[in-house]
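To start, the structure under review is shown below, and the notes come after it.
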Amino acid sequence: MAGSDTLAAHPNGMVRAIAVRALGSGHDPAYQPILVQALSDPAVNVVQAAVEGLTAQSSGEVFDLLVTLLNDTDRDGALIGRDAARRIAETSDPRRLDVLADALGQEQHGAAHDIARALSRAGDLRVAPVLIEHLRHRRPGRFAAAEVLGNLRVAEATGPLIDVLRESDGPQSLPLMEALGKLEALDAAPAILPLLDHSSSHVRESALLALNRIGGPLATPAALKATDDVHPVVRARAFRVLARHGDHRALGRLAAACDGRHVHTALTGLVRLADDDSVALTVVRVLLSTDERRVRKLAGRILARIGTRHYLPGHDPDPLVRRAIVWVIGQRADPSYMWTLTNALKDDDELVRSRAAAALGRITHEKTLPLLTEALRDPRPRVRANAATALGRTAAPDRLRSLLADALVDPHPAVRSAAAAALRATAH
307 MAGSDTLAAH PNGMVRAIAV RALGSGHDPA YQPILVQALS DPAVNVVQAA
357 VEGLTAQSSG EVFDLLVTLL NDTDRDGALI GRDAARRIAE TSDPRRLDVL
407 ADALGQEQHG AAHDIARALS RAGDLRVAPV LIEHLRHRRP GRFAAAEVLG
457 NLRVAEATGP LIDVLRESDG PQSLPLMEAL GKLEALDAAP AILPLLDHSS
507 SHVRESALLA LNRIGGPLAT PAALKATDDV HPVVRARAFR VLARHGDHRA
557 LGRLAAACDG RHVHTALTGL VRLADDDSVA LTVVRVLLST DERRVRKLAG
607 RILARIGTRH YLPGHDPDPL VRRAIVWVIG QRADPSYMWT LTNALKDDDE
657 LVRSRAAAAL GRITHEKTLP LLTEALRDPR PRVRANAATA LGRTAAPDRL
707 RSLLADALVD PHPAVRSAAA AALRATAH
């Protein structure tokens with residue numbers, strides 16, 4: 307930095323600005339007095355460079371001057387407002403949050419985003435009344451104030467936010483809807499609904515995002531309509547709303563969506579909504595055709611809960627499908643599928659055999675004990691361990707020790723552990 311301190315007093319403003327910026331780049335305390343002095347420079351670019359380089363300590367020492375720079379509505383001076391807001395936020399001055407909250411109400415404030423971020427990070431609810439006043443008096447910083455009020459979860463701001471939303475359009479509505487969504491303001495839903503017809507897909511998506519957070523009786527009809535939106539992002543958001551908040555009216559639309567790109571979202575909704583086997587055939591088709599593990603898992607959960615009288619194949623060429631089928635049968639504990647489980651214990655796939663053994667442990671049937679006893683001789687320890695656990699659930703206590711005799715001395719520790727745990731469970 308040799309020579310930069312001298313150049314900071316150069317008669318050319320551009321040279322002074324370059325020198326001051328260089329001195330402040332390292333935030334070296336030794337150069338802070340020069341930067342503080344440069345805050346009074348007549349050249350705006352020099353002042354801006356000086357503000358950028360101030361440390362938190364130096365900013366605290368010139369706090370009042372930074373406040374003046376922050377609130378300068380002069381067009382050239384306003385360029386410095388953003389950096390002044392950042393420096394004020396970094397100080398430990400107890401007035402800093404009040405100053406920043408007041409500053410949001412200034413005319414055309416260029417530092418609104420930085421102020422909103424600083425106030426949100428601080429998390430101090432004492433600034434809420436000032437921010438609510440910005441909303442009520444329709445001050446220029448009301449949209450940034452809305453962002454902070456939402457981040458701080460200020461419930462008292464709900465009414466003013468709704469009032470401003472009704473008067474806003476396009477991008478102006480975005481921070482308002484986001485804030486109301488974070489507040490989960492049920493009263494805001496009627497004011498948000500008209501924005502689902504807005505020409506901007508971004509506004510429509512934001513409206514659905516807010517409704518997804520809010521929920522309530524208006525969410526389902528609004529989302530059902532939006533599933534026909536021309537924009538794919540809006541349609542995707544609509545299905546998320548139905549999956550989370552949809553009532554019985556959403557059941558058919560979610561089932562239909564299982565044939566398309568929204569299958570995972572649709573199944574998430576069906577896990578919550580489906581209470582009979584009316585969607586079982588659709589879900590079985592998904593289970594048998596999907597290549598996605600998470601989709602297959604959701605389909606299995608639905609079928610395990612609602613049951614199905616529709617055909618589940620006893621065998622499928624894909625071992626992943628066979629695993630899912632056996633898991634579903636096990637969750638249902640349905641003796642009518644004994645034939646399927648008997649074949650599954652002979653499957654080439656280790657996990658199919660393992661799940662079949664576990665499933666048999668949930669079924670009361672005369673053939674269960676012979677099948678599980680046979681499974682204790684499976685070549686894979688995972689299957690033998692599951693068979694031992696299943697026997698602990700199904701065999702009579704007085705017979706269990708003899709049935710598990712070989713498992714208790716099995717060469718694999720997992721099998722021995724499962725057998726011992728099964729005996730302990732029956733002893734209580």
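For the sequence shown, the working numbering assigns the number 307 to the initial residue and increments by one for each residue that follows. Every residue gets a Cβ at the ideal spot worked out from N, C-alpha and C, and that includes glycine.
It is roughly 43 Å from the alpha-carbon of Ala463 to the alpha-carbon of Ile612. Under the rule that a run must span 3 or more residues, no beta strand (DSSP E) segment is found entirely inside the stretch 362 to 423. Exclusion of the five residues before and after Leu480 leaves Ser512 as the residues of its chain whose Cβ lies within less than 6 Å of its Cβ. Under the 8 Å Cβ criterion, the stretch 349 to 367 counts as touching the stretch 319 to 335, having at least three qualifying pairs. In this structure, Leu576 keeps its C-beta atom at 8 Å or more from the C-beta atom of Leu548. Counting only the Cα atoms, Gly387 lies some 20 Å from Arg322. Within its own chain, the residues whose Cβ lies closer than 6 Å to the Cβ of Gly606, once the five positions on either side in sequence are excluded, are Ala630, Trp633 and Val634, listed in chain order. Taking the C-beta atoms as reference points, Arg543 is found nearer than 8 Å to Leu514. Taking each of Gly416, Arg448, Ala407 and Arg445 in turn and checking the Cα distance to Leu431, the smallest one comes out for Ala407.
Arg472 counts as exposed, since fewer than 16 other C-beta atoms from the protein chains shown sit within 10 angstroms of its C-beta. When Leu594, Tyr643 and Leu609 are compared, the shortest CA-CA separation from Asp624 is found for Leu594.
Under the DSSP assignment, Arg555 falls outside any alpha helix (DSSP H); it carries neither an H nor an E label.
Only residues of its own chain outside the window of five on either side were considered, and among them Pro641 and Met644 have a CB closer than 7 Å to the CB of His671, listed in chain order. Contact between Ala344 and Leu376 does not hold, since their C-beta atoms are separated by about 17 Å, which reaches or exceeds 8 Å. In the three-state scheme derived from DSSP, where H, G and I count as helix and E and B as strand, Arg661 is classed as helix. Within the same chain, Cβ atoms closer than 8 Å to the Cβ of Ser426 are found at Glu453, Val454, Asn457 and Leu458, the five residues on either side in sequence being excluded. Across the structure, Val689 and Arg668 are spaced so that their CA atoms are roughly 15 Å apart. Ranking Pro619, Asp622, Arg638 and Thr596 by CA distance to the CA of Leu609 puts Arg638 first. Between Thr700 and Thr674 the beta-carbon gap is near 5 Å, inside 8 Å, which marks them as a contact.
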